[in-house]
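Protein chains in written order, with the UniProt record's numbering: chain A, 1 to 321; chain B, 1 to 321; chain C, 1 to 321; chain D, 1 to 321; chain E, 1 to 321; chain F, 1 to 321.
6 protein chains.
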Amino acid sequence: MTEPNIDLVTFGETMARLENPVVGPMRHARALDLGVGGAESNTAIGLCRLGGTAAWFGRVGDDEFGRLITNVLAGEGVRLGHTVVDRSAPTALLFKERRAGTLTRVQYYRTGSAGSRLCPADVPHDLIRSARVLHVTGITAAISATARQALDDAVETAREAGVPVSLDLNYRRALWTPAEAGECLQKLVKRADLLFATEQEARLIVPDADDDLAALAGSLAALGPRDVLLKRGAAGVVALCEGALHVQGAHRVPVIDPVGAGDAFAAGYLAEFVRGRPVADRLDTATAAGAYAVTVRGDWEGLPSRADLDLLKSAEDTVTR
Amino acid sequence: MTEPNIDLVTFGETMARLENPVVGPMRHARALDLGVGGAESNTAIGLCRLGGTAAWFGRVGDDEFGRLITNVLAGEGVRLGHTVVDRSAPTALLFKERRAGTLTRVQYYRTGSAGSRLCPADVPHDLIRSARVLHVTGITAAISATARQALDDAVETAREAGVPVSLDLNYRRALWTPAEAGECLQKLVKRADLLFATEQEARLIVPDADDDLAALAGSLAALGPRDVLLKRGAAGVVALCEGALHVQGAHRVPVIDPVGAGDAFAAGYLAEFVRGRPVADRLDTATAAGAYAVTVRGDWEGLPSRADLDLLKSAEDTVTR
Amino acid sequence: MTEPNIDLVTFGETMARLENPVVGPMRHARALDLGVGGAESNTAIGLCRLGGTAAWFGRVGDDEFGRLITNVLAGEGVRLGHTVVDRSAPTALLFKERRAGTLTRVQYYRTGSAGSRLCPADVPHDLIRSARVLHVTGITAAISATARQALDDAVETAREAGVPVSLDLNYRRALWTPAEAGECLQKLVKRADLLFATEQEARLIVPDADDDLAALAGSLAALGPRDVLLKRGAAGVVALCEGALHVQGAHRVPVIDPVGAGDAFAAGYLAEFVRGRPVADRLDTATAAGAYAVTVRGDWEGLPSRADLDLLKSAEDTVTR
Amino acid sequence: MTEPNIDLVTFGETMARLENPVVGPMRHARALDLGVGGAESNTAIGLCRLGGTAAWFGRVGDDEFGRLITNVLAGEGVRLGHTVVDRSAPTALLFKERRAGTLTRVQYYRTGSAGSRLCPADVPHDLIRSARVLHVTGITAAISATARQALDDAVETAREAGVPVSLDLNYRRALWTPAEAGECLQKLVKRADLLFATEQEARLIVPDADDDLAALAGSLAALGPRDVLLKRGAAGVVALCEGALHVQGAHRVPVIDPVGAGDAFAAGYLAEFVRGRPVADRLDTATAAGAYAVTVRGDWEGLPSRADLDLLKSAEDTVTR
Amino acid sequence: MTEPNIDLVTFGETMARLENPVVGPMRHARALDLGVGGAESNTAIGLCRLGGTAAWFGRVGDDEFGRLITNVLAGEGVRLGHTVVDRSAPTALLFKERRAGTLTRVQYYRTGSAGSRLCPADVPHDLIRSARVLHVTGITAAISATARQALDDAVETAREAGVPVSLDLNYRRALWTPAEAGECLQKLVKRADLLFATEQEARLIVPDADDDLAALAGSLAALGPRDVLLKRGAAGVVALCEGALHVQGAHRVPVIDPVGAGDAFAAGYLAEFVRGRPVADRLDTATAAGAYAVTVRGDWEGLPSRADLDLLKSAEDTVTR
Amino acid sequence: MTEPNIDLVTFGETMARLENPVVGPMRHARALDLGVGGAESNTAIGLCRLGGTAAWFGRVGDDEFGRLITNVLAGEGVRLGHTVVDRSAPTALLFKERRAGTLTRVQYYRTGSAGSRLCPADVPHDLIRSARVLHVTGITAAISATARQALDDAVETAREAGVPVSLDLNYRRALWTPAEAGECLQKLVKRADLLFATEQEARLIVPDADDDLAALAGSLAALGPRDVLLKRGAAGVVALCEGALHVQGAHRVPVIDPVGAGDAFAAGYLAEFVRGRPVADRLDTATAAGAYAVTVRGDWEGLPSRADLDLLKSAEDTVTR
């Protein structure tokens, strides 16, 4: 194993994201807001904002949406040296209809996209070996057969090099069935060192686990991961890390857009993990990152800097309007 | 009576609606959002979105605002075969000042408008006779003498043909006094089969009714209507339908714009009524329609489709963020 | 006659103005830009921007549009001490449809408006007597009988006090017929000292004048005015001032919105007139003000300050891109 | 043949259209304007605006973009009784990058779209037989094999019923090669009564024709069409109609968005054709419609009403700014 | 002492204010909203809206931002006769980053600004002597030495003329340390008749005061002020006025933007004070003004008119949605 | 000299740029568009878009504007490894008032800015030595004494390493007088290999040169530069390169925003220069880059990619609308 020189390596499909600016039927919008999003690249951005270094790789189309993705990621400081511009396929699109309150619907134009053409040949083995952590999500296993092979290859490379593997289950019902996902993801869980999941996702892996969340976390940890993080949204997190149970609440903030909260949580946790900070610090930063994510529109736009963490803390310390 | 071939027929005055996009004094707005609104056409749109068929008639001016109204209604699937373009009068305007929170003020440019020139000659008797329900509101009685005559004519036509008459009291203080309204509307209530009212409106009709809402509904039902729906906003609804009392809460949603909630409620109720669904279903759809109406800006823009009803239900079934 | 202590007094009806921000059918606009406009108040603003002092009076409604008008005019430095808030009538509205290129359509909601209720009792005689010039337009004669009386009263007051009367014919076809206007305006021309007109307007007054513009100006001057300004848009101006003929071209600028160019021209001319500047200077400032007016959207928004006049001059002196 | 009761029937693929509101690289846009567009539906809208009746059919997806298309077309008065909502495929998307001046780039998400699944079973034979004209474009021949079959079926139905066939070649290089297009479209030309083409498109059909435009039109007419319209953009039109040559210039207007000009031209021509007006009138309306189309952003948004034609005419009759 | 003819005189530095329209990192904004703000001018506007008369003086730069400030203040009816345009220094800027929820950050471009060059020569002694109250804030003491001298001069002038002095402590940490502020502001408190402060600000003046708010108010009153108002945001106000203790809650409203609430409170209180109304009325208007301020974006934009006070009252009297 | 591994190195002050979105007085804008701009970084972006590699260095403040600058430049692919975040000074601001047509005014908040604190210690000598060209502008010499020293140091480093020095005079009247600039810049010209200048700027250096542009270019070349490019805006360019005179026209495009055209020209020229392309190719790319720059708002936003160059060429090759 070489000396680590990058904190986090991640990969997957990042899409152009279009959504209605004002809540209601999407067809009423005169214009759709344009941005980018992808679970893995969201986490990479989050880590960079918190002072870490991150690399993302994947495929984008040779079109304005592909250029938007690389512009945004490079602008946020994510390293893109191994990202491929695929001239044979378009960049995938994600339309998000903000229908009422925080109720949303998603429509993909993703079939045959550049991002889904990710394959083992795209995997930069040396880069992965040089990382402090490899972060992957279950989405990559679902988008195509070649992407799943690339995922396997990357995880295997990390394990062989002693690089911890972080896995966020990120189940997406538009991409596969619970049964398909459960079978595939269970194998991944067994090879992961850190695991992020919602309760619903967790039960895809260990359907027979107890109702109790601590027991559920225990069942997952029994499969391999040393840190298991059960994310509960506004209810906080139940974590079983290095054998100890941690229960932590979420910050009380107005929820504007819950999308991306999980990616933010992972970014916060990993940002402290790669710095060798204790679990309590990891959870503090993870929950603060989640709070910032949900109070700002967009998947990653609201992710905090270190100065933002201080701002939140000082605001909560003061009893003022 | 011929075989019904349209679910709902309604009519009245629909106006161009202009409002400040950001809450505050209207004069601070650099631009005013432009839309359309009218209690009856809102309900017609709501019924179409829920899969029904609806026709609306009335007068609009030969101007961009009149064309906006017919464009929007036709676009939403409302049948406009009997709508009149009046070349002698302008389309009415409604300015809505969103002043602070949900506090609003309304200013009309409505005197002598095309819509208020509605008259008995405009009433399509055959269309009314072919409907499953005729829906009217108290506003039409208030905008002009000829409109009131048209209202009488339409109601009488429906009654003679055995078409149920639905009445939403919709008292508007800018148009007449409580005393004028009470006298006029009471006569309408006596000829209605379904009655929608807020508590305040109800007391214009039966000022001596008991404080208790069930008793109030009873007093109204005693005048004739077989279904009496007392709308209570965030507190839900008290309904006396076909002799049975129903008390139902509202969905807990963030209220963005309460205007149009009553029209949505009527649309939801009538959408199930014309399909012959039981009262419980009517109230479920009515309250869901009301919830959608208040979480989206605009009078009718947020009205739900059948798929939207499912989305709301599935979101409330899940305990997640 | 007392010592003049205000440069210009003017009056009339100022309206709220709503228009589509992007060229096309107005009904396609999701929002309409909100502003104010009135020929006389445009000229008052123009004079203030050029360093003069101006007062405007008239009636506005007790509504947000009335407050918008007084906010804008006071903000621009126009004195409003004699402006009346009329609690019985609404502020008039002007909708401007920018249909294609610079083709526009206008729709008024003006019948019975506060502004049209201007009457002789509103005329501040002392203020008029203290002015260096009284500026009026033909519009005021057309909006109502009482407004026309107020116009007569004001003009008579000025004449008796030796205050020069400036008249811009400003014929509006939506308000009266050419015949009505011609008869009425001819009487006003006979009492005016300075006269602004387009060729078409001029021929309403002297229908039998020669085709030649110099002759046309002469025919008008023969009725009384010592300065006659025939405005020709992009073709410049033909002026017969104090007996001498002046022909001047317009600045070559991209025309964005021609509305208000005439008011700007009058403002520029009068700004120099009240300072006692020679005709050449008056025409220079008038044409520069016209150029600024047409290159900026809105009736008065683009009107120039003295520094802006210098900017235009220095740009035209340089041969650069 | 039954008595015609609709002026124009047309069909094809209509797409959701997204474009950057401010000229520049599309990825710089914070939001993309949302609308709809399709050559055939543009022409249908244009005919409705000019007072005619038009029906359009085709397939849209069961998504917000499909609903946007049907909302817009129904709102504009186009009859949609035979339009199919295809639950198995998404609505196609068209991204238009307004790159610099009027330079644009187009990117489609159209493969496997609902619209391209049009097939002969979708063709409403009775509707076509009842029309005064059937209007088709070459695009439909290019989007799929089933769509081409539907096109053949529709054309044959019209011919058998004596309904004139109008064909706009509308060659799209993203969909097929010049050779493919030339072969296929030539067969269509032979069955068409009216033919619309640019010079470049015309030469796909008759590659050996003379340089001279009159000769080119003659070569096309020799294949069958009784009216051949060679569109030349700002240079006007060369037409060989019923054996006579017509050369007409275009209106001088600022070109904001040239897309849709050809569809507008066809709409204007056909609007007069179905009313039995002479060629000179058809060309006048066609060129005026083209002028309106290019001065307003969007493919169809600027299309003129009869009143708009008058406005353009009166503006050009007056020599004023 | 001359007869008062203006209700309130105030002065200080008013800045151009730029902020991101959508919550998140400011650098993500494609445009920043432009407005003006200054604690003292906010209060002057508030008093004018409530029907009083107010004058503000200070320095602005000879630039668009200075002109924006004078346009806004004059438009709102604030008298600016003694405001100075300083040609040697720019108008100060305030950037407000709306980071998440109501968490904000402020960045000034204020060093060497026109406003900070305020000096004793700018103080209009006669104007101050003619006022019903002089209102000052601690900010002016902090921006420059000359401004502090002007503050001293103005306060002394008022005291000598028997004009009550109102002081809002308004501590700004970006401008000075707590120690500097405490020493300087304590001297001002001793010369004030009315004192507005938050609890934190109050403890800068009387650091040894009891924890109890009533006692804290008493300690301040002991220094001189006859009315002491301790503002507690959403928790209301504790007031020790003319020897009596008043505790009043705040209105329950959705907080959109808390900035300016204190200035609004002062405006409401002083609006009734200058009319000689009792303390209960002063507190009612003050809390209502605060409620309006926080429900509307901007520092002063939401300030209420008398009609707005009625609207709030009537809405709270009704139990409806 | 090491093997070149970067095409272009440049440095200077890049600012946040705020401007009114709609032409007119800036104070009328409700919001100001936010972007970044700096002559040198504009050129670096331009070179990257054309496929080259570029590095920029300079100082930015530790604030949102500094982060905006680094986000944008990194997003565009500019290497920022030697850029300094200065925690003691704010990022400079540039306000651009788009006043009328293309008339603009500029206001800086630049005194004491982070960017002006650039000093010799910031200069990365190895980076400069590894470049194919060093590009500097006269602005850097004007912003501060330390920046001028840094400029001298960088130029000397390049010359010693045999790296060609490219100089764009870029005279800014707000920063220094013609006399100051002339003296300083002449020294720089003598050390430059490539020189970009307008005619006006050129005459600051060689005030006694002949009127003829070829002679003017000759006078400049006599001072040292082997390539002299006299930029003439819409009139094209006169170039004296490697001893040969080239006269080339500009593309005919609608000018939306002329700012940045010079930086674009330099980028285009240098993009071909570093690839060793002949002068004709350099001028072609330079003029095309200039055309793209002026047709898009913003200083650098419109700069072309290689594909954009092809698009422009193919559009000009076709005679169509």
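Built from N, CA and C at the ideal position, the CB exists for glycine as well.
Using the three-state DSSP reduction, which class does residue i fall into: helix, strand or coil?
i      : result
F/H135 : strand
D/T91  : coil
A/T70  : helix
E/Y108 : strand
E/A100 : strand
A/I6   : strand
C/D193 : coil
Would you report the Cα separation of residue i and residue j, rounded to the nearest angstrom?
i      : j      : result
E/N42  : E/G12  : 11 Å
B/T287 : B/R277 : 15 Å
A/F95  : D/D7   : 38 Å
B/R159 : B/A192 : 9 Å
A/L61  : A/T91  : At residue 61 of chain A the sequence reads Gly, which differs from the Leu that was named. Distance between the alpha carbons of A/G61 and A/T91: 4 Å.
D/A150 : D/G58  : 10 Å
B/G35  : A/V23  : 16 Å
B/R232 : B/Q248 : 10 Å
D/I205 : D/L32  : 37 Å
F/T157 : F/I128 : 7 Å
Please compile the residues from chain C whose C-beta is within a distance smaller than 9 Å of the C-beta of residue i.
i      : result
D/R297 : V22, V23, G24
Could you spell out the range, first to last residue, of the beta strand (DSSP E) harbouring residue i?
i      : result
D/C241 : 237-241
F/A174 : Taken as a continuous stretch (DSSP letters only), F/A174 belongs to no beta strand (DSSP E), as it is neither H nor E.
D/R17  : 15-19
D/G77  : It is not in any beta strand (DSSP E) - D/G77 carries neither H nor E in the DSSP assignment.
List, in chain order, every chain B residue whose beta-carbon is nearer than 7 Å to that of residue i.
i                      : result
residue 322 of chain C : Missing from the structure shown is residue 322 of chain C; chain C here goes from 1 to 321 and no further.
Along chain C, which residues have their Cβ under 8 Å away from the Cβ of residue i?
i      : result
D/L312 : A100, L103
E/N71  : G75, E76
Taking residue i as the query, report the chain A residues whose CB atoms sit under 7 Å from its CB, ordered along the chain.
i      : result
B/G302 : G24, A100
Mind pulling the chain E residues with CB within less than 8 Å of residue i?
i      : result
A/V253 : A100, G101
Using a Cβ distance threshold of 8 Å, determine whether the stretch 249-269 of chain C contacts the stretch 57-71 of chain C, with at least three qualifying pairs required. no
Check whether the stretch 137-155 of chain E and the stretch 95-104 of chain E touch, using three or more Cβ-Cβ pairs below 8 Å as the test. no
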